[in-house]
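A short worksheet on the structure shown next.
In this note's numbering, the protein residues as written are 21 to 507.
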C-alpha cells in the first residue's frame, strides 16, 4: 500500500509538474476533510503522511487542563497521563483517530480535495512561468472555438485569443498554426489564464525582430509602432550605425523582408518611418508619402503642431478617413493638424486683419465722464482709435470740449492704445515656426516696431501670404508713420 501511494504521488508530480510536497499536503488536507465529514466533530483534527510507511495518520489535537470545559479541544490531566505520563498542564496531546472506518463518501471527498489542490498548484506554476513572458511572441495551434473567442494550444497550457484581440482581416480554422503575443496572465481564472493578442503593436515589433537581423543584433532599433489592425501600421526605426540605412534594411531586397511580415499580418500595409530627435522632421517622415512644406510648433508643452502642405498634398497627408495623420500622431506622440498653404495664408491674414481693424469702445477710456463720452459720440467719434487719428486740436473743435478736456481725453486714449499694443500679440494664437525666424535676421528696432510682427515670426510665412519680406517691412513702416507719437 505504501508503495502504491508513494508511486501515485510521484506519478502525479511528473504529469502535472507539481512539487510532491504540494501533493502530500493536498493528501493530508483531504484526509482531514474526510474525517470531519465522517466523525461530524468540531475537534482540531490534523493529518500526517509518513513517506516511509505510506500511511496517513489522523489525530485530534487537545490541550491538557485541570478542568475540562470544551471536550472538543481540551483533555484532563489524568486522561492525558494515560496516553503519555510525561504530559503536564498546558501541554498538547495528539489523540489518534481510526482511518479504516472512513468509507466511500470520505474517499470521494478526499479525491475532490486532492484534485482541487493539484489544479491550484498547476495554475500557480503557469502563472509563475508565463507572467515572465508578457510581451513575448509564442507559436500555437488553434485547438477549438468558444463563441467568437479562440482557444490556442501553446504547449504547456491553453491560451485565449479573445475577439477584441483578433484582427478583422483574419480568420482561422481548427488545427491552423498561429503566432501571437502574450498580453496578460491571470493569477486565478476558470478558463485559460494566458491571454494572447494579434492586434497589439508588440506583435509587429516581435515580427521585425525575427525577420530583420539588424534589429535582432541591435544595429537598428525600433523606436515606436502603431497599428490599425488589418489595415495599416507605422513603425519608426533608427540606426546606431551611420553606414546602415534603417528603412532600407527593414524593407529588404525588393521588399523581401517587409513582405514576409505583411503576409503574416494578412496583408496589413506597413509604413517604415525613419525616427528623428527633431519633432518637426519626425512628423514630416511619419506623414510619408505626403510632401510637407513646413512644420509649425503650436505648443511644445502640450505637444501640438501644425503641418503645412500644398493643396494637392493635403488629402494624401490626412489619408483615408484621417488614417495617415491619425497613425502619424500616435507614432510621434504629438497632436498634428494638417493645413494647406492657402488655409494657413487665410488664417494669418485673418489674424493680421483683426489686429489692424479692431476698435476700442469709448466706454473703455478711464477717467472720462459719461457726459464727455456722449459729446464725442454726437461728434461721430465711436472708438478710441478715431480719437488718436484726430489729435488734440480737432478734439477742441467739438462743442463743449476745451483744451484741458481734449488733452485729458488724448492722454486716456494713448494709455489705452499702449495696453492694446502690448496685449494683442500675447493673445494671438499664431504658431512659432520651427524654421529660422525673422527675429534672428532683422535688427532689434525693426522687431519691436510693430505688434503684428511678433505673431508672424518667419520669412517663410511672409512668402506664404504672397508678400516679400521687403513688402512687409514697407507695410510696417507705413503703419508706424500713420501712428501718433507715443507719450
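Positions of the beta carbon are idealized from the N, C-alpha and C atoms, including for glycine.
The three-state secondary structure of residue 283, taken from DSSP, is helix. For residue 145, the secondary structure class from DSSP, reduced to helix, strand or coil, is helix. Per DSSP, the beta-bridge partners of residue 159 are 199. Assignment of residue 259 by DSSP, reduced to helix, strand and coil, places it in the strand class.
For the 8 angstroms CB-CB criterion, residue 146 and residue 160 do not form a contact. Residue 225: member of the alpha helix (DSSP H) spanning 221-231, first to last residue.
Taking 8 angstroms as the upper bound for CB-CB distance, residue 80 and residue 130 are not in contact here, some 18 angstroms apart. Secondary structure note for residue 50: its alpha helix (DSSP H) is the uninterrupted segment 40-59.
Bridge pairing for residue 267: absent [DSSP]. Between the region 212-224 and the region 178-189, the count of Cβ pairs shorter than 8 angstroms is three or higher; the stretches touch. When DSSP states are grouped into helix, strand and coil, residue 210 belongs to the coil group. Taking residue 379 as reference, the option from 91, 260 and 408 with the minimal CA-CA separation is 408. Under the DSSP assignment, residue 334 falls in the alpha helix (DSSP H) whose first and last residues are 331-338. With a cutoff of 8 angstroms on beta-carbon distance, residue 171 and residue 207 are scored as not near each other.
In the three-state scheme derived from DSSP, where H, G and I count as helix and E and B as strand, residue 70 is classed as strand. The three-state secondary structure of residue 248, taken from DSSP, is strand. Exposure of residue 120 is indicated by the presence of fewer than 16 other C-beta atoms within 10 angstroms of its C-beta. Assignment of residue 237 by DSSP, reduced to helix, strand and coil, places it in the coil class.
Under a 10 Å Cβ-count criterion, residue 127 is classified as exposed, with fewer than 16 other Cβ atoms of the shown protein chains found around its own Cβ. Taking 8 angstroms as the cut-off, the Cβ atoms of residue 421 and residue 392 count as close. The beta carbons of residue 205 and residue 240 sit no closer together than 8 angstroms. If you look at residue 299, you'll find it in the alpha helix (DSSP H) that goes 299-306. Spanning the alpha carbons of residue 342 and residue 359 requires a straight line of approximately 13 angstroms. Contact between residue 404 and residue 427 does not hold, since their C-beta atoms are separated by about 15 angstroms, which reaches or exceeds 8 angstroms.
Residue 249 places its beta carbon 8 angstroms or farther from that of residue 257.
One alpha carbon belongs to residue 432, the other to residue 418, and they sit about 17 angstroms apart. Segment contact: the region 224-239 against the region 272-282, three or more CB-CB distances shorter than 8 angstroms; contact assigned.
Here residue 395 has 418, 419, 420 and 421 as same chain residues with Cβ atoms under 8 angstroms from its own Cβ, once five neighbours each way along the sequence are excluded. For residue 94, the secondary structure class from DSSP, reduced to helix, strand or coil, is strand. Contiguous alpha helix (DSSP H) elements confined to the region 380-408 occur at 390-398, taking only those with 4 or more residues. Residue 247 sits away from residue 289, with the two beta carbons spaced by 8 angstroms or more. In this structure, residue 133 lies near residue 50, with their beta-carbon atoms less than 8 angstroms apart. Under the 10 Å beta carbon count, residue 302 is surrounded by 16 or more other beta carbons and is classified as buried.
Residue burial is scored here from C-beta neighbours: residue 298 has fewer than 16 other C-beta atoms within 10 angstroms and is therefore classed as exposed.
Where residue 347 is concerned, the enclosing alpha helix (DSSP H) starts and stops at 343-352.
In this structure, the alpha-carbon of residue 307 lies about 6 angstroms from that of residue 348.
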